[in-house]
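Undergrad: Numbering (the numbering used here), first residue to last: 1 to 104.
Have a look at this one:
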């Protein structure tokens, strides 16, 4: 019983170390992807004036990984696009006459 507890404890420590290493090595990439997706989607919708369905075809299956939220309540002056991937999120804002910019 004691040996089994020791093996489980070592396995847990090894798993935690592996996850910490993955987080430090891959950490910026999911955040960058979420931010890039928000900005590109914002530009596609509000700068080029395409439909949401048309913009989704540009991303293909890549977009299925993200939860996209579009806030059009400030149109025609402003709009906001948020892209989430697990705990990572990016945000872009459309401003009339200026286009889209990253805010997060």
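Cβ coordinates follow ideal geometry from the N, Cα and C atoms, glycine included.
Between residue 83 and residue 64, what straight-line distance do the alpha-carbon atoms span, to the nearest angstrom?
TA: Residue 83 and residue 64: Cα-Cα distance of roughly 11 Å.
Undergrad: Examine the ligand FMN and report whether any of its heavy atoms sits within less than 7 Å of the Cβ of residue 28.
TA: Although the ligand FMN was asked about, the structure shown includes no ligands whatsoever.
Undergrad: In angstroms with no decimal places, state the Cα-to-Cα distance between residue 47 and residue 68.
TA: One C-alpha to the other measures close to 17 Å.
Undergrad: Taking just the CA atoms, how far does residue 40 sit from residue 11?
TA: In a straight line, the C-alpha of residue 11 is about 42 Å away from that of residue 40.
Undergrad: State the CB to CB distance for the pair residue 102 and residue 86, rounded to an integer number of angstroms; the pair is presumed to be in contact (CB under 8 Å).
TA: Actually they do not touch by this definition, with Cβ atoms about 19 Å apart.
Undergrad: Quick check on DSSP: helix, strand or coil for residue 97?
TA: Residue state, collapsed to three classes: coil.
Undergrad: Please classify residue 82: does DSSP put it in a helix, a strand, or coil?
TA: Residue state, collapsed to three classes: strand.
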